[in-house]
Every structure is written in structure tokens, then in C-alpha cells.
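Protein sequence lines correspond, in order, to chains A and B.
Residue numbering for the first sequence follows the working numbering, beginning at 2 and increasing consecutively.
Residue numbering for the second sequence follows the working numbering, beginning at 2 and increasing consecutively.
Don't be surprised by glycine CBs; every beta carbon is placed ideally from N, CA and C.
One structure is given below, encoded as C-alpha cells.
Protein chains: 2
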Amino acid sequence: MMLTPTMQRCVLHWGEMASRWGVSRSVAQIHALLFLSPEPLTAEDIAATLALARSNVSVSLKELQSWDLVHVTHVLGDRRDYFHARKDIWEVLTTIMDGRKKRELDPTVHLLRDCVNEAKRDADTPEPVKERIASMLEFLEELSTWYEQVRGIPRPTLIKLMRMGARVAKVAGN
Amino acid sequence: MMLTPTMQRCVLHWGEMASRWGVSRSVAQIHALLFLSPEPLTAEDIAATLALARSNVSVSLKELQSWDLVHVTHVLGDRRDYFHARKDIWEVLTTIMDGRKKRELDPTVHLLRDCVNEAKRDADTPEPVKERIASMLEFLEELSTWYEQVRGIPRPTLIKLMRMGARVAKVAGN
DNA sequence: CTGTCAGTTCAGGTATTTCTGAAAGTACGA
DNA sequence: TCGTACTTTCAGAAATACCTGAACTGACAG
Numbered sequence: 002m003m004l005t006p007t008m009q010r011c012v013l014h015w016g017e018m019a020s021r022w023g024v025s026r027s028v029a030q031i032h033a034l035l036f037l038s039p040e041p042l043t044a045e046d047i048a049a050t051l052a053l054a055r056s057n058v059s060v061s062l063k064e065l066q067s068w069d070l071v072h073v074t075h076v077l078g079d080r081r082d083y084f085h086a087r088k089d090i091w092e093v094l095t096t097i098m099d100g101r102k103k104r105e106l107d108p109t110v111h112l113l114r115d116c117v118n119e120a121k122r123d124a125d126t127p128e129p130v131k132e133r134i135a136s137m138l139e140f141l142e143e144l145s146t147w148y149e150q151v152r153g154i155p156r157p158t159l160i161k162l163m164r165m166g167a168r169v170a171k172v173a174g175n
Numbered sequence: 002m003m004l005t006p007t008m009q010r011c012v013l014h015w016g017e018m019a020s021r022w023g024v025s026r027s028v029a030q031i032h033a034l035l036f037l038s039p040e041p042l043t044a045e046d047i048a049a050t051l052a053l054a055r056s057n058v059s060v061s062l063k064e065l066q067s068w069d070l071v072h073v074t075h076v077l078g079d080r081r082d083y084f085h086a087r088k089d090i091w092e093v094l095t096t097i098m099d100g101r102k103k104r105e106l107d108p109t110v111h112l113l114r115d116c117v118n119e120a121k122r123d124a125d126t127p128e129p130v131k132e133r134i135a136s137m138l139e140f141l142e143e144l145s146t147w148y149e150q151v152r153g154i155p156r157p158t159l160i161k162l163m164r165m166g167a168r169v170a171k172v173a174g175n
């Protein structure tokens, strides 16, 4: 798979962005490449195209699979793994958000719940701090259930809602 | 400022989370501390409480100020800077999102626009790849304008909408 | 002026993450 | 059972991000 200059720019930029979001550059570049590629690619292909070590590609692909962003397919009479990425951008986004929610939001809510309980039998923590922690918890819990709800709305409806922009506000009754 | 064990847990966890989101640990810890603290703190205070180098605190505070999450105040007859963080969680969230949009989403849209234009006079890039880039651009542009719109909805309305959860879907007319 | 206090800058050390290459593992066909 | 083709593992190298300490600046009081 040869990269045209345009494709290169995309892949490189994707890598840059990823590192600002706590994702390793290779993982992101591989994801970008698979996202763009019309055909599934082998690990070897990817390593050659992006000039990465074969082993790095292997590990990064596992990571992407654990995020459910990349899948394996096979070709008859070929025992190599062929990798392809989800192509639907909506799905890519929701998949990433689901993952981050599970790995970051949920544990944080958990911890805050602990802290709030702990704070009850804790005379040292000043009252305003306790309140702040509690309000943080409440906020994240609301955010979390809101996300679950919205996540369940069928896509076409969601797109309609999105296109409505600020006009959705009218259902709030004012 | 002495940290109670509960406060410590919060601050440390905030630091962990941050590093998964591409924010340095000290920056996040300082932010957490200021967010919890009922009173504004001096840089010296912060350094002592979190056991960080004074210079690190100085730089991190600048960073937090550049994100508009932390502000300086002064006390009469005291030339030290007192720092305090936005306490309103909604505002904290929107401020962070505004920042990330400006620093990451907008430049990405820009780049993709370039790529799409470039692709027009580029015979090498395969057609399906061009389409994929274009659809990515379109998606991010939609996301971006949607965000702008929703950002403009007054907070009480937004909260109502949020509490409605999936029921907002009914305005989409089905 | 001079000394002190607060804040900033930055070169360089430290820690962490990321990546690599060699070696080991696995599956399959002959 | 061996050879081949492919994949995975992992110790340590390389790159990067992060933090520190020392030196500097500037503002003020005496």
C-alpha cells in the first residue's frame, strides 16, 4: 500500500492529534491507515507503509482490536491476518466514547462515590470540600446516564436532532 | 493547606485520569487542588501541598490560566499571587471543551479541507480514499457547528434537555 | 543602593512511554 | 517430524514528556 502525499498528511495529523489525547502515535497512524484503506491490509503491509517495526504493529493492532475499532478477516488460501477498520464515522466516534466512558468515566464515578461515603465518617475534611466532591459526583452521574440515554436513540433520529442544532431547545418548553 | 486522605485520593485520581487525556499530572493535580480548595492558594502553598517544585507549579499555573480554568487574585498588603479555579462544574467542562475544540478539532477540520482540495488535482489518491476523507470532513464540520449551536443554549434549558434524556427524540418528529 | 520576596526561565536530569529486534510461539502442509 | 509462514512476546534502546534546581528578573521597602 503506497501512500499518496495527501494520505500521508492525514495519517500524520491523526497521529499528532492522538498523542494529545493520550493515544500512542503508532496506534493512531495504523488506525488512520486502515480507516482510509479501501482494502483490508496485512500487518506486514502496515509495517512497510508506515515504516514501523513489525512487532509494534502487532501490539498496536491488538490495542485497536481491544477498542473494537479494528477487526480481522481472512482470505481463502492465505493464512495471514487481514485487518480492516470500522468505516462508519459515527460508529468510530461512539465506539471510542463507549470505551473511554467505561475506562475513565465509570471508574471516576466509582471513586467519587467512595470518597463521598468516606467523607461522612471523616471530621477533618472541611464541609465545603465535601460538598464540592458530592456535586462533582452528581454531575458525572447525570452526564453518565444522559450518555446512556442518548446512546440508545436510533441513528437517523440522532442525526435529525443534530441537524436541528439549537432548535431542540424548544422541547424544553420555553 | 493540609490534604485529608479523602482529598488526596481525589487529587491523585484526577492526576491519573489527566495523563490518559494528554494532560500532565502536575497540571491536573494543581487543578484538582484548586478546585477543591475553598480559599485561593499561593503558588508556594500548592508546591508544599503537592510536593512539587516551585517552578513546576509556576509553569503549570500558566498552563491552567491559558485554558482559562484558573485565575489570579490579590490580597491587600500581600504581593503574592493567589490562585483559584472555576468552581462551577458545568463551566469547567465547557471551558475544557471549548479549548480542545479550538486546539484540536478546528485545526483538524482545516487540514482535512486542505486535503480535500488537494485531492481534486491529485490523480494518484484512489477515489474511495478521497470519499472517505471528504466524509470525515463533513462529519467533523457538522459536529463543530452542532457544538457551537448547543453551546449557545442557556444553561437552565440545557439542564432540562439533559434531564429529558432520550425523550428529546420526540421533537425529531417520530 | 541594597536586601528580600515573589515569579519566571531554562538547561539538564529523571521518569515514562513508545518502539524495536531478537527470540519464541503457533499453525499448517508435506 | 520437519520446514515454512506468520504472529506474539518481551527486554532493553530510543524518544519524549515531565519535572527540578539554579540563576535571573522585577518590584518593593528601608
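Sequence-distant residues of the same chain with beta carbon closer than 7 Å to residue i, five excluded per side
i, result
"residue 169 of chain B", "162"
"residue 26 of chain B", "16, 19, 20"
"residue 38 of chain A", "2"
Distance CB(residue i)-CB(residue j) smaller than 8 Å
i, j, result
"residue 60 of chain B", "residue 47 of chain B", "no"
"residue 75 of chain B", "residue 35 of chain B", "no"
"residue 20 of chain B", "residue 23 of chain A", "yes"
"residue 98 of chain A", "residue 126 of chain B", "no"
"residue 50 of chain B", "residue 82 of chain B", "no"
"residue 96 of chain A", "residue 104 of chain A", "no"
"residue 166 of chain A", "residue 147 of chain B", "yes"
Delimiting residues of the alpha helix (DSSP H) encompassing residue i
i, result
"residue 135 of chain A", "128-152"
"residue 7 of chain A", "6-21"
"residue 156 of chain B", "156-165"
"residue 125 of chain A", "From DSSP, residue 125 of chain A is part of no alpha helix (DSSP H); its letter is neither H nor E."
"residue 63 of chain A", "55-67"
"residue 28 of chain A", "26-37"
"residue 106 of chain A", "Careful: residue 106 of chain A lies outside any alpha helix (DSSP H) and carries neither H nor E."
"residue 49 of chain A", "44-51"
Minimum Cβ-Cβ distance from residue i to chain A less than 8 Å
i, result
"residue 129 of chain B", "yes"
"residue 30 of chain B", "no"
"residue 134 of chain B", "yes"
"residue 90 of chain B", "yes"
"residue 85 of chain B", "no"
"residue 151 of chain B", "yes"
"residue 23 of chain B", "yes"
Option nearest residue i by Cα separation, candidates the options
i, options, result
"residue 100 of chain A", "A:69, A:16, A:119, A:81", "A:69"
"residue 154 of chain B", "A:155, A:153, A:157, A:173", "A:173"
"residue 176 of chain A", "A:73, A:105, A:91", "Here chain A covers residues 2 to 175 and nothing more, so residue 176 of chain A does not appear."
"residue 40 of chain A", "B:167, B:130, B:56, B:152", "B:130"
"residue 159 of chain A", "B:150, B:171, B:149, B:159", "B:171"
"residue 89 of chain A", "B:14, B:132, B:150, B:87", "B:132"
"residue 6 of chain B", "A:151, A:150, A:122", "A:122"
"residue 150 of chain B", "A:128, A:164, A:149", "A:164"
"residue 152 of chain A", "A:14, A:71, A:102", "A:102"
Closer than 8 Å to chain B by CB, residue i
i, result
"residue 179 of chain A", "Absent from the structure is residue 179 of chain A, since the part of chain A shown begins at 2 and ends at 175."
"residue 154 of chain A", "yes"
"residue 98 of chain A", "no"
"residue 162 of chain A", "yes"
"residue 39 of chain A", "yes"
"residue 172 of chain A", "yes"
"residue 119 of chain A", "yes"
"residue 50 of chain A", "no"
"residue 95 of chain A", "no"
"residue 74 of chain A", "no"
"residue 123 of chain A", "yes"
"residue 114 of chain A", "no"
"residue 27 of chain A", "no"
"residue 105 of chain A", "yes"
"residue 16 of chain A", "no"
"residue 2 of chain A", "no"
Contacting residues, own chain, Cβ-Cβ under 8 Å from residue i (five flanking each side not counted)
i, result
"residue 124 of chain B", "none"
"residue 28 of chain B", "19, 61, 64, 65"
"residue 110 of chain B", "138, 141, 142, 145"
"residue 134 of chain B", "113, 116, 117, 120"
"residue 55 of chain B", "44, 45, 48"
"residue 94 of chain B", "none"
"residue 107 of chain B", "145"
Limits of the beta strand (DSSP E) - the one that residue i falls within
i, result
"residue 71 of chain A", "71-76"
"residue 89 of chain A", "Note, residue 89 of chain A: premise wrong, no beta strand (DSSP E); not H, not E."
Cβ-based neighbour list, residue i, same chain, cut-off 6 Å, excluding 5 preceding and 5 following
i, result
"residue 53 of chain A", "27"
"residue 12 of chain B", "30, 33, 34"
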